[in-house]
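To start, the structure itself, in structure tokens.
Residue numbers (our numbering), protein chains in the order written: chain A, 1 to 303; chain B, 1001 to 1259.
Dropping the structure here:
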């Protein structure tokens, strides 16, 4: 047995024995404590969202889909720095920058608001969390900070975006890094499994007033947060976009990755409608200065 | 044309007619077959790509190693560079392996991205023609709602596009460029004063004539034009994928570890 195989087998045995322990621990734990810092006045708390009007029906597009067109931005006070506990992880950052402490903890399942990592993965995530303050290698620096695309679901809690509904297609154009997603509604299958994409491959359909989007073919190069919460290329997402009021969309994504997490978990973002504005260029890579970082930082990575 | 027409006003009409015929390969446009939006405009929606070698060189060129030969897309083939600009173009060509901004994976600008060898997709609504490119996930939002260019010069890689319909032709005025992008891999270049007028004219369901008039008083002595055809991808399973250029070079991308 090679060392690598031994490690893998050991890890899976530990994972199996830890599963029940983790489940018991989670069952014993309640939701995260309320924010220490004041949230913005119009904050939508994912654990205490506004009551929905069950009789409200969204307007329809020309071809009869629920109309979700427009410009939207999250009202959940989420920052991509951390989705588990931004107040704690950003404490040093806030002290230096003087920025407001953002308080959003969007993970609604499991109830403790934490990513249900397998034990080995929890260890690796903790290592990356520690590295983020002063990465010893370029690969420990947030991929978005290195100029790469956010991936899904991270782009869902980054910033403003526009939804466009066309025949058989929903199109999302994001302000950040001119990223976009084309979501066919015509029932076509995903592209082949050997095609891995930064923004994944999206397929949508309507279930009542909910746009359900299946996202597959994601690569393993994106992180969920600046501090290094990660996934493998087995990541699979089910997004549910539900308009619940004229200016409100509830977004709940189920995140699955058998290589990294012990169970599927759910993240909620509430979007509020904004005035539609022209989307002006947001060049990201073009400002890249990584090449100017010292040679010793790049180690073997730089030619 | 052997004789000058008597009236100078005839010239542009005759020229337009002549290039229209040339671009269509001798065929008159089949406007009956052009798909239309509910408001009667040609519907340019679809996935499109050129079939030419303009990405390497927009002018006539013989094959070089790794470069397919090509009849140029510049009408008349000559580009009216000012003398000092022509010298710089030649220098760019000599240094192209390192100097071409494409090697830095930057947004390639317009018109260059229109004829790079990657597909792009058009989505059309009443007030916007959106173009999404597979290459570095570039986007163009061509506003057709009558809103003018923003005031002042803005340095944008992809410029600012404002469109209007002239009959069945989408006419797009593009300004607000930076001076960082080139026209091709052969060193043809411009300044931030680049001004484009693009004309998208559907020939039939699956072909669009793409013509662009180029002006830049810092670099050229006068306007010049390019013309080519955009072909619709008919493969039913084809979709935009990704060419995230800047993720392929280890100088910038040590693979992100996931375990």
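Quick reminder that beta carbons are idealized off the backbone N, C-alpha and C, glycines included.
- Less than 8 Å separates the beta-carbon of residue 1071 of chain B from that of residue 1060 of chain B.
- From the listed residues A/183, A/157 and A/158, the smallest Cα separation to residue 169 of chain A is found for A/183.
- Contact of residue 71 of chain A with chain B by beta-carbon distance below 8 Å is absent, the smallest such distance being about 13 Å.
- Using a Cβ-Cβ cut-off of 8 Å, residue 1233 of chain B does not count as an interface residue toward chain A, since no Cβ of chain A sits closer than that to its own.
- For residue 1143 of chain B, same chain residues with a beta-carbon under 8 Å away, outside a window of 5 residues either side, are 1127, 1128, 1161, 1162 and 1163 in chain order.
- Flagged as an interface residue toward chain A: residue 1247 of chain B, by a C-beta distance shorter than 8 Å.
- Just so you know, the alpha carbons of residue 1092 of chain B and residue 88 of chain A end up roughly 52 Å apart.
- Interface flag for residue 1115 of chain B against chain A is unset, since no Cβ pair is found closer than 8 Å.
- For residue 1208 of chain B, the uninterrupted beta strand (DSSP E) segment begins and ends at 1207-1215.
- In the three-state DSSP reduction, residue 148 of chain A falls in the coil class, being neither helix nor strand.
- Within the segment 68-150 of chain A, the complete alpha helix (DSSP H) runs of at least 4 residues fall at 86-89, 91-97 and 119-131.
- Boundaries of the beta strand (DSSP E) around residue 271 of chain A: 265-274.
- Within the segment 1129-1157 of chain B, 1130, 1132, 1136, 1137, 1138, 1139, 1141, 1143, 1147, 1150, 1154, 1156 and 1157 place their CB atoms closer than 9 Å to a CB of chain A, listed in sequence order.
- Assignment of residue 162 of chain A by DSSP, reduced to helix, strand and coil, places it in the strand class.
- Secondary structure at residue 223 of chain A: coil, using DSSP grouped into helix, strand and coil.
- Note that the segment 1115-1125 of chain B does not touch the segment 1146-1158 of chain B; fewer than 3 beta-carbon pairs, one per stretch, sit closer than 8 Å.
- Annotation for residue 1087 of chain B: no beta strand (DSSP E) segment contains it, though the alpha helix (DSSP H) segment containing it runs 1083-1094.
- For residue 1032 of chain B, the secondary structure class from DSSP, reduced to helix, strand or coil, is helix.
- Nearest neighbour of residue 58 of chain A by Cα position, chosen from A/50, A/91, A/246 and A/130, turns out to be A/246.
- The DSSP-derived three-state label of residue 1101 of chain B is helix.
- Residue-level contact check: residue 1106 of chain B touches chain A, since one or more beta carbons of chain A fall below 8 Å from its beta carbon.
- DSSP lists A/216 as the beta-bridge partner residues of residue 201 of chain A.
- A check of alpha carbon separations from residue 1054 of chain B across B/1046, B/1073, B/1199 and B/1086 identifies B/1073 as the nearest.
- Between residue 1117 of chain B and the set B/1256, B/1240, B/1247 and B/1249, the nearest pair of CA atoms involves B/1240.
- Every unbroken stretch of the beta strand (DSSP E) spanning 3 or more residues and falling wholly within the segment 1113-1162 of chain B is given here in chain order: 1120-1124, 1128-1133 and 1139-1143.
- Note: residue 1055 of chain B is not bridge-paired with any residue in the DSSP secondary-structure output.
- Separation of the CB atoms of residue 1089 of chain B and residue 1189 of chain B is rounded to 6 Å, and the pair is thereby assigned contact status at 8 Å.
- Between residue 1099 of chain B and the set B/1184, B/1257, B/1125 and B/1062, the nearest pair of CA atoms involves B/1184.
- For the segment 144-165 of chain A, the set of residues with a beta-carbon nearer than 8 Å to any beta-carbon of chain B comprises 146, 147, 148, 149 and 164, in chain order.
- Short of 7 Å from the beta carbon of residue 175 of chain A, and not among the five residues preceding or following it, lie these beta carbons of its own chain, in chain order: 159, 160, 161, 279 and 282.
- At least one CB atom of chain B sits nearer than 8 Å to the CB of residue 178 of chain A.
- The C-alpha of residue 90 of chain A is placed about 11 Å away from the C-alpha of residue 132 of chain A.
- Taken residue by residue, none of the segment 30-53 of chain A has a beta-carbon sitting less than 9 Å from a beta-carbon on chain B.
- By DSSP's assignment, residue 174 of chain A forms a beta bridge with A/161.
- Here residue 274 of chain A is actually not in contact with residue 120 of chain A; their C-beta atoms are around 41 Å apart, not less than 8 Å.
- Under DSSP, residue 1240 of chain B takes part in no beta bridge, so it has no partner.
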